[in-house]
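Note that the numbering used here has the sequence shown beginning at 63, numbered continuously upward.
Don't be surprised by glycine CBs; every beta carbon is placed ideally from N, CA and C.
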Amino acid sequence: MANRPDITPEMQAARDKLFRDLGEGLPGASEQTTNLSNTSLSQATLRLKTILGKNYFGAEDYQAIFRRGVDKVPKIPASVTPELLNSKCPMAEDGRLIKDTHRLVLVPRLLGTDEFTIMWLKEHA
């Protein structure tokens, strides 16, 4: 990250680990929340989570893994629709769909009472 001298090698390593873990699926993420009937997610969010599967990581996944709530869950932008997710990804030349090439990840400001940072994740993952 040559353009970001404020990123230390440790922070870069933690970032890389996060993306590797998200790619493999963090233990307990989404699998623990496949029964969504008792969650407080909106119907629209439930629909998107169902479409994205393991490519969705929301507040309930943080709760399942870290046993901590997030400070605020913003609404998913109206432009993120089932139609968009089920359309061809313009960056994938092999015809894959956006739902298979992208992830929808909530990055909270606070996790419990702690500020959520890459360094916090490195210490707790």
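Q. DSSP puts Tyr118 in a beta bridge; with which residues?
A. Leu166
Q) Considering only the beta carbon of each residue, do Leu114 and Lys161 sit closer than 7 Å? A) yes
Q: Could you please give the first and the last residue of the uninterrupted alpha helix (DSSP H) stretch that includes Met181?
A: Ile180 to His186
Q: Please look up how many angstroms separate the CB atoms of Leu166 and Val132, rounded, as I've assumed it's under 8 Å.
A: Leu166 to Val132, Cβ: 14 Å. No contact.
Q: Would you kindly work out how many angstroms separate the C-alpha atoms of Ser99 and Thr70, rounded to a whole number?
A: Any reading at Ser99 must be qualified, since the residue scores a pLDDT of 47, below 50, and its modelled position is unreliable; the value itself is stated next. Distance between the alpha carbons of Ser99 and Thr70: 42 Å.
Q: May I ask you to list the residues that DSSP assigns as paired with Ser177?
A: A quick correction: the sequence has Glu, not Ser, at residue 177. DSSP, once it has assigned bridges, lists Leu172 as partnering Glu177.
Q. What first and last residue would you give for the alpha helix (DSSP H) that runs through Leu147?
A. Pro144 to Leu147
Q | Proximity winner among Phe178, Ile138 and Arg129, relative to Ala106 (alpha-carbon distances) | A | Ile138
Q) So Thr143 and Met153 are in contact, right, with Cβ under 8 Å, and what is the actual spacing, rounded? A) So it is not a contact: roughly 19 Å between Cβ atoms.
Q: Would you decide whether Ser92 is buried or exposed? Buried here means 16 or more other CB atoms lie within 10 Å of its CB.
A: Note that Ser92 has pLDDT 46, beneath the 50 cutoff, so the model's placement of it is unreliable and no number is given.
Q) Beta carbon of Glu155: closer than 6 Å to some heavy atom of the ligand NAP? A) The ligand NAP is not part of the structure shown, which contains no ligands of any sort.
Q.
Considering only DSSP beta bridges, list what Lys150 is partnered with.
A. Leu159
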